[in-house]
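In what follows, a structure is listed as structure tokens, so that the remarks can point back to it.
Residue numbers (my numbering), protein chains in the order written: chain A, 1 to 392; chain B, 1001 to 1392.
Put into structure tokens, the structure is as follows:
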């Protein structure tokens, strides 16, 4: 368990989840922290997202109040009031400005957050705050996740050191545009480094694009996706964008991989790499189209080296390339060269790789400099079981 | 079984399919017929598609040679030669110009069409030609389809009448941009009406957009999709575009609905209707996004009136609308009004409708004139079974 100086955590069961598991999490900075946020681009935004977007504009915040079990999305004015009253109660118990408490919710859509339960629990939640409870925080925000998602990284310079702690949740519905619905993606990053607000925001946007926005479980994006970063500055170690960016990428990449691995019911985590196109944007379009193709995802589930589906998916991405130059590798097996099968030996090797839990699929589509990567999962019976019965 | 004067049909097992079922189909016009074609927009095009696109340019054709069991896609020059030699052998047996025989193939990708088997079978195929064998033709082109797809319509005027006979196949992978892969969509339309070539082409493109390009099973598009229309003119009934268009729409709509119903392993055929947007293009984007959403499709499989998923999918379509004006109906049950749930009674009624095999889901998103429809299927265990094991 990681300690980040200047932050304390707490988690409790407020009775929002039907199963009685802990469902309400609070993280509090000892003093105003610099804050940055990236939110869902879905037009249909949950009340907590609207409120957090508004409150994050000041550039500082003291706390984040997150709950699982209820997304508080598509709930109109009552939903908005619930987000306000629950954060207000916690602010009251903490003795701080309600505007400095950011809400985040995940769970079923269309049900108003039972704010009274959080109001009732707010004293206990605040009393439970402790520097060593980030793991409980991580567990309280889970929904269909099979495991908590936590990553950390420590940077040192001139005798000072600062930690980045990233806590996330999300398993189903993971897809770009900062992120997923019901099994929404929530990510909270806490650091005791000192970071200028504009740099924190820019670095968070870049890291989100390179990680959370480059992975997919089922192509749907959420009403609730939220990525927040808090910098307390108490370490006295000042990080500029150039120092922060790689560290932020690293912790976000760990969370993104963990989310895709935990793709609802999935059995494989696959990195799709596309290269040889004129520019990165074209490569990204192809990588996304391949990564989200249902036929590709079911072939991966079936451990089938079905390169025809890979090439056909690339061909419908709206990007020009010469199929006769295409090469495809699954792990170290080059199964297609010059647009044609390389024969049964390579395919047999590819089939072995497809039986492993993690591998890469590379599509080389020409000699251009543009490349991109996308993380994806398979879609099989487990996914159907989770998603066909989520509400019932 | 429908007779279209001027056309004869034949079907045979040439040994392309491993299971010994009939796999090669021939339709021949007694004299040059006016022809129009619409083909896959996938960049990766099968050899028969490239050849048929080239040959259809003359505006007339005598025959179509179609096979199941092998898509002859991603097969390079050997695949192209196979398409040429198989159509050449049939042309030879018929004593006609090879350029007037159009090929179409469906089946596994990456395997060269075993043309020698069709060459060997060409005499028997030609000898079997008969005006009353369109049903055998329809059966020979099936792959994962559970049933043949045939629709017909007769138009009469001033004592003359003409028939439109549409024969199609396609179950999985059905999606726009004229069409699907491995379980490719093939559609052949035969009429004894007299139609000017430009009008036949325009009408075919419009009908394809309104039907085949507005339905989806899994969002993937094929390397082999082909829609061809042949007009023999022998009825002496001349049809202009205005007369032809609704009849062509009607037969294509019947085939499109049949294909979606036959979506690989699916249990529901759902018409998504979107209205109230500023224009038809916006409505189509939203309808397509909802129709292709995996979360929507798995909710339909699970008979779950999960309107949050419907609204969230609409919200990520890239189209501006006010979620607070949204209304959603499943069949006759209005489950959302002004962006909010209308309560448990409507939801209970919606759940009943979700247990039926065919229904509509309507999203009304404002007061604009733009509307669109999209046909979709559910994604459940049957789909996974068919697609995870297709090649093995």
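Backbone N, C-alpha and C define an ideal beta-carbon position, used for all residues, glycine too.
query: Neighbour list for residue 1307/B in chain A, Cβ cutoff strictly below 7 angstroms; result: 110
query: Chain A contacts from the stretch 1039–1055 of chain B (Cβ-Cβ distance under 9 angstroms); result: 1040, 1041, 1042, 1043, 1044 and 1045
query: Segment contact flag, the stretch 1316–1328 of chain B with the stretch 1365–1383 of chain B, C-beta cutoff 8 angstroms, min 3 pairs; result: yes
query: Cutoff 7 angstroms; reference residue 1305/B; Cβ partners in own chain excluding five residues on either side; result: 1330, 1335, 1347, 1350, 1351 and 1354
query: Rounded C-alpha distance that separates residue 1136/B from residue 1055/B; result: 25 angstroms
query: Contact set between residue 1341/B and chain A, taken where Cβ atoms lie within less than 7 angstroms; result: 110
query: Chain B contact residues for residue 311/A, given Cβ-Cβ distances below 7 angstroms; result: 1044 and 1074
query: Cβ-Cβ distance between residue 75/A and residue 112/A below 7 angstroms; result: yes
query: Option in 31/A, 124/A and 42/A with minimal Cα separation from residue 24/A; result: 124/A
query: In DSSP terms, what residue 269/A is bridged to; result: 358/A and 377/A
query: Nonlocal neighbours in the same chain, by C-beta distance under 6 angstroms from residue 1065/B, ignoring five residues either side; result: 1026, 1087, 1090, 1101 and 1103
query: Chain-ordered chain A contacts of residue 1381/B [CB-CB under 9 angstroms]; result: 381, 384, 385 and 388
query: Start and end residues, alpha helix (DSSP H) containing residue 50/A; result: 47–56
query: Close-in-space but distant-in-sequence residues of the same chain around residue 372/A (CB under 7 angstroms, 5 per side omitted); result: 274, 280, 283, 284 and 287
query: Interface partners of residue 320/A on chain B, CB under 8 angstroms; result: 1043
query: Below-7 angstroms beta-carbon distance, residue 315/A vs any chain B residue; result: yes
query: Three-state secondary structure assigned by DSSP to residue 1279/B; result: coil
query: Cα-Cα separation between residue 222/A and residue 49/A, rounded to whole angstroms; result: 11 angstroms
query: Proximity test, Cβ basis, 7 angstroms: residue 1357/B and chain A; result: no
query: The stretch 1374–1382 of chain B in contact with the stretch 1258–1267 of chain B per 3-pair CB rule at 8 angstroms; result: yes
query: Validate contact between the stretch 1031–1050 of chain B and the stretch 1151–1170 of chain B using beta carbons, cut 8 angstroms, 3 pairs; result: no
query: Residue ranges of each alpha helix (DSSP H) within the stretch 1114–1156 of chain B, 4 or longer; result: 1115–1127 and 1134–1140
query: Element boundaries [alpha helix (DSSP H), containing residue 1186/B]; result: Here residue 1186/B belongs to no alpha helix (DSSP H); instead the beta strand (DSSP E) covers 1186–1191.
query: Cβ shell of residue 1150/B (< 6 angstroms), same chain only, five flanking positions each side left out; result: 1138 and 1167
query: C-alpha gap between residue 392/A and residue 19/A, whole angstroms; result: Because the pLDDT of residue 392/A is 34, which lies under 50, any placement of that residue in the model is unreliable, and the number read from its coordinates should be weighed accordingly. Each residue's Cα considered, the two are about 14 angstroms apart.
query: Reference residue 312/A, options 302/A, 84/A and 296/A, closest by Cα; result: 296/A
query: Contacts around residue 157/A, its chain only, beta-carbon distance under 7 angstroms, and the 5 residues preceding and following it disregarded; result: 237
query: Interface flag, residue 1174/B vs chain A, CB-CB below 7 angstroms; result: Note that residue 1174/B scores 45 on pLDDT, short of 50, meaning its location in the model is unreliable and no value can be drawn from it.
query: Simplified DSSP state of residue 1088/B, which is helix, strand or coil; result: helix
query: Sufficient close CB pairs (3 or more, under 8 angstroms) joining the stretch 207–217 of chain A to the stretch 240–258 of chain A; result: yes
query: Residue 360/A versus residue 290/A - alpha carbon distance; result: 13 angstroms
query: Environment of residue 1009/B [buried if 16+ CB atoms lie within 10 Å]; result: buried
query: Partner residues on chain A for residue 1344/B, Cβ-Cβ distance less than 9 angstroms; result: Neighbours of residue 1344/B on chain A: none; closest Cβ ~12 angstroms, over 9 angstroms.
query: Minimum C-alpha distance to residue 191/A - residue among 185/A, 169/A and 230/A; result: 230/A
query: Pair within 7 angstroms by beta-carbon distance, residue 277/A and residue 339/A; result: no
query: 8 angstroms Cβ cut-off: residues of chain B touching residue 222/A; result: 1312
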